[in-house]
Structure formats: C-alpha cells, structure tokens
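Residue numbering for the sequence shown follows the numbering used here, starting at 10 and increasing by one per position. Here's the structure, in structure tokens; my notes come after.
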Amino acid sequence: MKIGVISDTHDNLDAIRRAVSYFAKNTEIIIHAGDVIAPFSAKIFREANIPVYGVLGNNDGELLTIEIFNKLGGKVKRQFNTLTMDNRRIAVMHGEMAEVIEALIRSKMYDIVISGHTHDTRIEKKDGVLHVNPGENCGYLTGKSTIAIIDTATLTAEIIEV
Ligand code: NI
Numbered sequence: 010m011k012i013g014v015i016s017d018t019h020d021n022l023d024a025i026r027r028a029v030s031y032f033a034k035n036t037e038i039i040i041h042a043g044d045v046i047a048p049f050s051a052k053i054f055r056e057a058n059i060p061v062y063g064v065l066g067n068n069d070g071e072l073l074t075i076e077i078f079n080k081l082g083g084k085v086k087r088q089f090n091t092l093t094m095d096n097r098r099i100a101v102m103h104g105e106m107a108e109v110i111e112a113l114i115r116s117k118m119y120d121i122v123i124s125g126h127t128h129d130t131r132i133e134k135k136d137g138v139l140h141v142n143p144g145e146n147c148g149y150l151t152g153k154s155t156i157a158i159i160d161t162a163t164l165t166a167e168i169i170e171v
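Now the structure itself:
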C-alpha cells in the first residue's frame, strides 16, 4: 500500500494542489503531519477524495481544520495520532520536540514514525523503524516543495518534489 505524506503546507494553495493531485493518482491514504494553517487549505484535500489522517501543528489554531479533514473518512487529531495500515503501526506527530521523536523511534512500538515541523526532509531506518519527515510542501524556506511516499510492503519511503 502506498501512503502519501505531507507536512507544513502553510497555506501555499498551488503547492497543496500539486501534492493533492499527485496523491489522488498514486496513494490510497494521505497523512498530514501538521501546520496546515487555514481551514481553506484543508478543503483542497477534498479534490483527492481519499482519507486523510494526521495531526495539527504548532501554528494551527483552527479546529475547523480537523472537521474538514475528518469528513474525508480518516482521522486527524490535535497533537499525536496512531493508525495501523497494512499491518504497519504508524505514529504521527508534528515534531516540535526532537527528543520525543527519538524516544518514539527507540520504543519500537511503531513500524513507522512520521514527523514534520523542521521543513527538512528526512528518511531514516533505525533498528527496523522507518522515520519519515516529508519536508515542507509550502517551499518557503528551502525553495523546494516536497512530499513523501511510503510503501508499506517494503517499509521504505521516497521524497517527491511537486
Ligand atoms: Ni511547525
């Protein structure tokens, strides 16, 4: 199963549309790791018409964002979320505290740990645990609009520039 991962969309509507159209063609679910910002950014995900899971970020104040996402059939929560897809246990957090991400990875309670917030991409495997940070979809800090695709069958991920 292919999972689309996105974070730090920060209201860049064009970048969100490019990501959502990629997800619509290539993935079965979407995980958003937070910093969506305005609810109108969440509405764009309706165009993919696939379930969205994930969390809000430190810059997300509008709980309406959660309602918009949850109508798509997944589950978005405020700070921490877990789900199981294709027998892979997945933890999602925005990631303000690097120590907590590290602890989650080391706990081995999850096969996949997803975080965002740093706006830098990261794909690493530690003791069989896959950690994925898709970087920034908005492209504001790095000039690159990125997302990640996870393949649950092989427990691998790749970064895609959109
Ligand atoms: Ni953030």
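Ideal placement from N, C-alpha and C gives every residue a C-beta, glycine not left out. Small disclaimer: the values here were computed from a predicted structure and weren't measured.
C-beta atoms of residue i and residue j nearer than 8 Å
i, j, result
"Gly175", "Leu65", "Past the edges of the chain, shown from 10 to 171, lies residue 175, and the structure says nothing about it."
"Ala33", "Ile59", "yes"
"Asn90", "Gly125", "no"
"Ile39", "Ala51", "no"
"Ala47", "Ser154", "no"
"Met102", "Ile110", "yes"
"Ile12", "Met94", "yes"
Alpha-carbon to alpha-carbon, residue j and residue i
i, j, result
"Cys147", "Lys117", "31 Å"
"Ile192", "Val61", "Look at the range of the chain in this structure, 10 to 171, and you will see that residue 192 is not part of it."
"Gly70", "Ser16", "16 Å"
"Glu76", "His128", "25 Å"
"Lys86", "Leu72", "9 Å"
"Leu22", "Met106", "27 Å"
"Gly174", "Gly144", "No answer is possible for residue 174: the residues shown for the chain start at 10 and end at 171."
"Phe49", "Ala112", "34 Å"
"Gly104", "Thr36", "23 Å"
Closest Cα partner of residue i within the set the options
i, options, result
"Asp120", "Leu92, Glu108, His128", "Leu92"
"Tyr149", "Met10, Phe49, His19", "His19"
"Ile132", "Arg55, Ala112, Asn68, Asp160", "Asp160"
"Arg97", "Thr151, Ile156, Gly144, Val122", "Val122"
"Arg26", "Asn142, Ile53, Thr165", "Ile53"
"Ser30", "His41, Val45, Arg55", "Arg55"
Residue i Cβ short of 7 Å to the ligand NI heavy atom set
i, result
"His103", "yes"
"His41", "no"
"His126", "yes"
"Asn21", "no"
"Gly70", "no"
"Asn90", "no"
"Asn67", "yes"
"Asp17", "yes"
"Asp120", "no"
Opening and closing residue of the beta strand (DSSP E) in which residue i lies
i, result
"Phe89", "89-94"
"Glu167", "165-170"
Endpoints, alpha helix (DSSP H) assigned at residue i
i, result
"Asn35", "22-35"
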